[in-house]
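J.: Would you mind keeping the following structure in view while I ask a few things?
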Amino acid sequence: KMTQQMRDLQLAQARKPPGPSSPNAAKRLYRNLSGKFRVNYTSFDEGSLVGRGEKEKLRKSYLFQSNAALFEAVELQDLDRVQELLKQYSPEELDLNTPNSEGLLPLDIAIMTNNAPIARALLQAGAKESPHFVSLESRSLHLSTLVREAEQRVNELTAQVVNEAPNADCSEKEKQLKAWEWRYRLYKRMKAGFEHARVPDAPTNVHLSVASSSSVQVTFWEPLSVNSAVVTKYKVEWSCSPTFSPPLGEAVIDKLKNLHFTIRGLVSGTAYYVQVSAYNMKGWGPPQASVPPFAIPSNWREYDGRAPRRRGQAEALDHLLGQVKTVHQHCVCHEPCKNQPQSRKHSVSKSLKHLFHPSSKFLKTLKRGLYLTAIFYKDDNILVTHEDQIPVVEIDDTYSCLLMQDFLWFTKVSCMWDEILWLRQCVTVSQSSCSCILQTRFKMLLAISQMQGLLGIQDLGQVFFEPVKDKQGNILIVTLKEVKTNQTFESVRWVPICKLQTSRKSVSSPEEPTALDTLLISLQDKLAYHQRSSHALSPGLYLGYLKLCSAVDQIRVLVPERLPNILCHVKIRSNPNISREEWEWLQKMASVEEPVPVEPEAETSQNHLFQELQVAIKELMTLVNIPLQEAKDFRLYSQEVLDFGGQVSFLLLLPPSDDVCTAPGQNNPYTPRSGFLTLPLQIFELGEER
Numbered sequence: 066k067m068t069q070q071m072r073d074l075q076l077a078q079a080r081k082p083p084g085p086s087s088p089n090a091a092k093r094l095y096r097n098l099s100g101k102f103r104v105n106y107t108s109f110d111e112g113s114l115v116g117r118g119e120k121e122k123l124r125k126s127y128l129f130q131s132n133a134a135l136f137e138a139v140e141l142q143d144l145d146r147v148q149e150l151l152k153q154y155s156p157e158e159l160d161l162n163t164p165n166s167e168g169l170l171p172l173d174i175a176i177m178t179n180n181a182p183i184a185r186a187l188l189q190a191g192a193k194e195s196p197h198f199v200s201l202e203s204r205s206l207h208l209s210t211l212v213r214e215a216e217q218r219v220n221e222l223t224a225q226v227v228n229e230a231p232n233a234d235c236s237e238k239e240k241q242l243k244a245w246e247w248r249y250r251l252y253k254r255m256k257a258g259f260e261h262a263r264v265p266d267a268p269t270n271v272h273l274s275v276a277s278s279s280s281v282q283v284t285f286w287e288p289l290s291v292n293s294a295v296v297t298k299y300k301v302e303w304s305c306s307p308t309f310s311p312p313l314g315e316a317v318i319d320k321l322k323n324l325h326f327t328i329r330g331l332v333s334g335t336a337y338y339v340q341v342s343a344y345n346m347k348g349w350g351p352p353q354a355s356v357p358p359f360a361i362p363s364n365w366r367e368y369d370g371r372a373p374r375r376r377g378q379a380e381a382l383d384h385l386l387g388q389v390k391t392v393h394q395h396c397v398c399h400e401p402c403k404n405q406p407q408s409r410k411h412s413v414s415k416s417l418k419h420l421f422h423p424s425s426k427f428l429k430t431l432k433r434g435l436y437l438t439a440i441f442y443k444d445d446n447i448l449v450t451h452e453d454q455i456p457v458v459e460i461d462d463t464y465s466c467l468l469m470q471d472f473l474w475f476t477k478v479s480c481m482w483d484e485i486l487w488l489r490q491c492v493t494v495s496q497s498s499c500s501c502i503l504q505t506r507f508k509m510l511l512a513i514s515q516m517q518g519l520l521g522i523q524d525l526g527q528v529f530f531e532p533v534k535d536k537q538g539n540i541l542i543v544t545l546k547e548v549k550t551n552q553t554f555e556s557v558r559w560v561p562i563c564k565l566q567t568s569r570k571s572v573s574s575p576e577e578p579t580a581l582d583t584l585l586i587s588l589q590d591k592l593a594y595h596q597r598s599s600h601a602l603s604p605g606l607y608l609g610y611l612k613l614c615s616a617v618d619q620i621r622v623l624v625p626e627r628l629p630n631i632l633c634h635v636k637i638r639s640n641p642n643i644s645r646e647e648w649e650w651l652q653k654m655a656s657v658e659e660p661v662p663v664e665p666e667a668e669t670s671q672n673h674l675f676q677e678l679q680v681a682i683k684e685l686m687t688l689v690n691i692p693l694q695e696a697k698d699f700r701l702y703s704q705e706v707l708d709f710g711g712q713v714s715f716l717l718l719l720p721p722s723d724d725v726c727t728a729p730g731q732n733n734p735y736t737p738r739s740g741f742l743t744l745p746l747q748i749f750e751l752g753e754e755r
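Listed below in structure tokens is the structure:
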């Protein structure tokens with residue numbers, strides 16, 4: 066039967082006209098023919114239907130060619146070609162898990178020829194083994210059949226070539242003979258590979274950790290020896306008994322890109338034992354017990370029953386804001402504006418298409434005063450007015466020096482761009498006190514409203530962490546927002562940033578640039594800061610370094626330039642959870658007066674954390690340019706683990722109490738390397754919240 070299938074396949078291929086020699090050639094042919102068959106689909110005439118049918122036939126032929134090319138690349142052990150095809154086509158287009166006429170899949174050929182690189186590439190793409198091989202006997206029988214039928218076909222073709230006179234048919238049979246001889250050798254190699262293979266060794270570095278109060282996570286590496294057969298899956302087993310009798314559960318992992326597994330739905334406070342075994346075409350290898358041998362699901366909060374710090378805070382703030390609004394909604398000064406929010410809501414455009422009309426009141430030049438500028442950017446382009454100016458509105462032309470308190474208040478307002486009208490009304494109520502601070506803040510709200518109205522958008526983005534100043538007394542508060550939509554806007558043009566920087570005619574001298582010139586010169590740095598400040602850390606447990614420095618009117622915190630919304634840090638491990646046992650050990654270590662803590666027992670989660678902390682502290686000290694011998698005076702913050710959304714957590718490393726905050730004029734003996742900056746503490750807190 067198998068021989069007849071191969072004969073039918075050869076006859077079908079012999080009848081086909083010569084086709085493209087590769088999927089790339091097929092793709093070019095399909096593209097060319099698509100142009101010839103392109104029709105007007107607005108009319109459903111017979112010609113269009115024929116064109117569609119031809120296109121569908123070409124598409125199927127094109128995909129068939131790619132599937133055949135993949136099999137050929139695997140058989141020829143061409144790793145580059147396999148990777149190219151996997152990148153160019155989806156698994157569905159390649160029919161990655163559809164057996165060929167011999168009942169084989171690409172992964173079967175790769176593992177039975179023991180081609181580990183190709184097998185790994187196929188596995189990462191989602192390849193499976195053939196479902197026909199339900200046992201060792203069925204695989205052995207199938208391979209023997211393939212070898213026997215290929216040998217029989219070679220003998221038949223050899224006899225025909227020897228006995229027939231030289232002609233065109235004989236030449237074709239010689240080609241078939243060579244093809245079958247090559248396939249016969251391939252099947253023999255696959256059969257020998259299967260017969261010499263043994264089950265794989267146990268996985269290595271099987272590590273067990275506590276992931277939460279109801280889960281544990283196991284990570285592992287490949288076996289040191291796979292015994293001439295590629296590992297295609299792993300099995301994780303767990304039990305409450307060290308003998309795994311009775312077993313509680315198991316899971317098979319066939320996606321081998323990341324070798325880890327989280328066991329969920331466990332009981333807090335119960336010890337669970339875990340072991341992992343590997344599988345190849347010869348079966349399951351011996352299991353490997355984890356280190357430590359068991360783990361107890363828990364969380365550090367269970368040590369003293371502490372509730373999450375931020376539980377209910379957002380809801381409480383929303384409730385408080387609602388109460389404040391309720392108190393103010395019947396105020397007399399709100400009556401003339403009662404209908405204003407509704408009309409304003411309809412007048413504010415949902416897009417930027419009406420941006421910057423000629424009647425706008427954007428400023429071209431700055432006088433001595435306080436101003437607001439909004440920067441909208443997309444890729445390497447920036448949005449400008451019809452006069453090629455960055456949008457600027459005036460806040461106060463009599464304001465000569467920006468107090469840090471006013472600037473920090475403005476940054477908090479940036480969290481409520483949608484509530485500016487309501488805030489204006491509230492500040493208007495209190496303005497009767499003639500407070501200079503209230504008047505300035507009311508003018509800030511007016512400028513924000515003006516900018517929102519002129520731009521047709523409420524969200525002005527994130528406030529840059531410091532205003533731009535010049536020697537002429539101008540102060541610019543800068544907001545930044547990235548536009549990610551692909552919408553085409555009317556009456557608006559995007560200008561390349563480099564073009565805007567080179568085409569702007571400066572009205573100041575290089576020695577004393579204006580605030581606008583300074584903004585344009587440093588625009589790339591500000592955009593880079595804005596993009597980096599929105600990046601998030603990958604899940605894990607981190608060691609952070611808290612270093613403050615104080616000035617006359619503010620406290621600043623040291624942060625890395627590459628991630629300015631996070632403290633200086635290094636990653637301890639990928640598991641963000643601190644178990645109760647680990648936290649208890651940290652508490653004991655913090656209470657020890659000796660500078661060197663007692664090392665915990667081997668093969669425990671505490672010992673593993675101890676080793677991870679040692680590595681992380683050395684790395685962190687190098688990062689911030691502090692001699693390692695000084696670390697003996699540092700201490701871990703033992704009051705809590707800083708938790709950020711459940712996926713990222715921090716342990717804090719603190720300098721000696723006298724060095725946590727550097728006072729004005731105080732000399733810091735250890736200056737961090739390049740790549741760091743200091744942010745106002747309130748700005749850092751807002752960035753961390755975002």
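Residue numbers (the working numbering): 66 to 755.
Cβ atoms here follow ideal geometry from the backbone N, Cα and C, with glycine treated the same way.
1) Looking at the structure shown, is Lys546 part of a helix, part of a strand, or coil, going by DSSP?
2) So Glu646 and Ile361 are in contact, right, with Cβ under 8 Å, and what is the actual spacing, rounded?
3) Can you grab the Cα-Cα spacing for the pair Leu584 / Glu531, in whole Å?
4) Quick check on Val635: does DSSP put it in helix, strand or coil?
5) Can you tell me where the alpha helix (DSSP H) with Trp650 in it begins and where it stops?
6) Would the beta-carbon of His595 fall within 9 Å of that of Gly526?
7) So what's Pro745 in DSSP terms, helix, strand or just coil?
8) Lys240 to Phe136, Cα distance in whole Å?
9) Where does Leu431 fall in DSSP's three states?
10) Touching or not, the region 362-370 and the region 632-649, by the rule of three or more beta carbon pairs under 8 Å?
11) Determine the direct distance from the alpha carbon of Ala439 to that of Glu315, and round the result to whole angstroms.
12) Identify whether Pro561 lies in helix, strand or coil by the three-state DSSP scheme.
13) For Glu202, does the three-state DSSP call read helix, strand or coil?
14) Is it buried or exposed, Ala294, if we count other Cβ atoms within 10 angstroms and call 16 or more buried?
15) Could you work out which residue in Ala134, Thr178, Ser310, Thr163 is closest to His261 when comparing CA atoms only?
16) Classify Asn220 as helix, strand or coil using the three-state DSSP reduction.
17) Could you tell me which of Val492, Lys546, Lys320, Val341 sits nearest to Phe285, measuring between CA atoms?
18) Pull the bridge partners of Trp303 from the DSSP assignment, please.
19) Given that a residue counts as buried once 16 or more other Cβ atoms are within 10 Å of its Cβ, and exposed if not, what is Ser355?
20) Leaving out the 5 sequence neighbours to the left and right, which residues in its chain are closer than 6 Å to Tyr154 when beta-carbon positions are compared?
21) Among residues of its own chain, excluding the 5 on either side of Lys390, which ones have a beta-carbon nearer than 8 Å to its beta-carbon?
22) Could you compute how far the alpha carbon of Gly330 sits from the alpha carbon of Ser280?
23) What does DSSP give as the partner residue(s) for Trp349 in the beta ladder?
24) Excluding the five sequence neighbours on either side, which residues of its own chain have a C-beta within less than 7 Å of the C-beta of Gly752, listed in chain order?
25) Taking C-alpha atoms, which residue in Leu159, Ile455, Pro171, Leu611 lies nearest to Leu541?
26) With 16 as the cutoff for other CB atoms within 10 Å, does Asn220 come out buried or exposed?
27) Between Leu435 and Glu149, what straight-line distance do the alpha-carbon atoms span, to the nearest angstrom?
28) Check Thr68 in the structure and name its three-state DSSP category.
29) Give the secondary structure of Asp464 by DSSP, where H, G and I count as helix, E and B as strand, and everything else as coil.
30) How should Phe345 be labelled, buried or exposed, when 16 other C-beta atoms within 10 angstroms of its C-beta is the threshold for buried?
31) Which of the three DSSP states, helix, strand or coil, is assigned to His272?
32) Just the Cα atoms here: how many angstroms apart are Cys614 and Val725?
33) Exposed or buried, what is Cys633 when buried is set at 16 or more other beta-carbons lying within 10 Å of its beta-carbon?
34) Does the distance from the C-beta atom of Gln517 to that of Trp482 stay below 9 Å?
35) Using alpha carbons as the reference points, say which of Ile748, Val713, Gln704, Glu750 lies closest to Ala372.
36) Assign Cys501 to buried or exposed, taking buried as 16 or more other Cβ atoms, counted over all protein chains shown, within 10 Å of its Cβ.
T.: On the basis of the coordinates in this document:
1) The answer is strand: DSSP assigns Lys546 an E or B state.
2) Distance from Glu646 to Ile361 at the Cβ level is roughly 7 Å; contact confirmed, criterion being Cβ atoms closer than 8 Å.
3) So the alpha carbons of these two residues sit roughly 12 Å apart.
4) Three-state DSSP puts Val635 in a strand.
5) Start and end: 645-656.
6) Yes; because the gap between Cβ atoms is below 9 Å, this pair is in contact.
7) Three-state DSSP puts Pro745 in a strand.
8) Rounded to the nearest whole angstrom, the C-alpha separation of Lys240 and Phe136 is 19 Å.
9) Coil, per DSSP.
10) Yes: at least three Cβ pairs fall under 8 Å.
11) Whole-angstrom Cα-Cα distance: 56 Å.
12) Three-state result, Pro561: strand.
13) In the three-state DSSP reduction, Glu202 falls in the helix class (H, G or I).
14) Ala294 is buried by the Cβ-count criterion.
15) Minimum Cα distance to His261 is reached at Thr178.
16) Correct three-state label for Asn220: helix.
17) The shortest C-alpha separation from Phe285 is found at Val341.
18) Gly314, Val339.
19) The residue is buried, with at least 16 neighbouring Cβ atoms inside 10 Å.
20) If we look at Tyr154 and ignore the five residues flanking it on each side, its Cβ neighbours are Ser131.
21) These residues qualify, in order along the chain: Trp487.
22) Each residue's alpha carbon lies about 6 Å from the other.
23) Residue pairing for Trp349: DSSP places it in a beta bridge opposite Tyr344.
24) Contacts found: Ser598, Pro629, Asn630.
25) Of the candidates Leu159, Ile455, Pro171, Leu611, the residue whose Cα lies closest to the Cα of Leu541 is Ile455.
26) Asn220 is exposed by the Cβ-count criterion.
27) Each residue's Cα considered, the two are about 58 Å apart.
28) Per-residue confidence for Thr68 stands at a pLDDT of 44, beneath the threshold of 50, marking its modelled position as unreliable; the derived number appears in the next sentence. Note: Thr68 maps to helix in three-state DSSP.
29) The question names Asp, but residue 464 is Tyr in the sequence shown. Coil at Tyr464, not helix or strand.
30) For clarity, residue 345 is Asn in the given sequence; the question names Phe instead. With 16 or more other CB atoms across the displayed protein chains lying within 10 angstroms of its CB, Asn345 is buried.
31) In this structure, His272 counts as strand in the three-state DSSP scheme.
32) Rounded to the nearest angstrom, the two C-alpha atoms are 8 Å apart.
33) With a 10 Å radius around the Cβ and a threshold of 16 neighbouring Cβ atoms, Cys633 comes out buried.
34) Using a Cβ distance threshold of 9 Å, Gln517 and Trp482 count as a contacting pair.
35) Of Ile748, Val713, Gln704, Glu750, the residue nearest in Cα terms is Gln704.
36) Under the 10 Å beta carbon count, Cys501 is surrounded by fewer than 16 other beta carbons and is classified as exposed.
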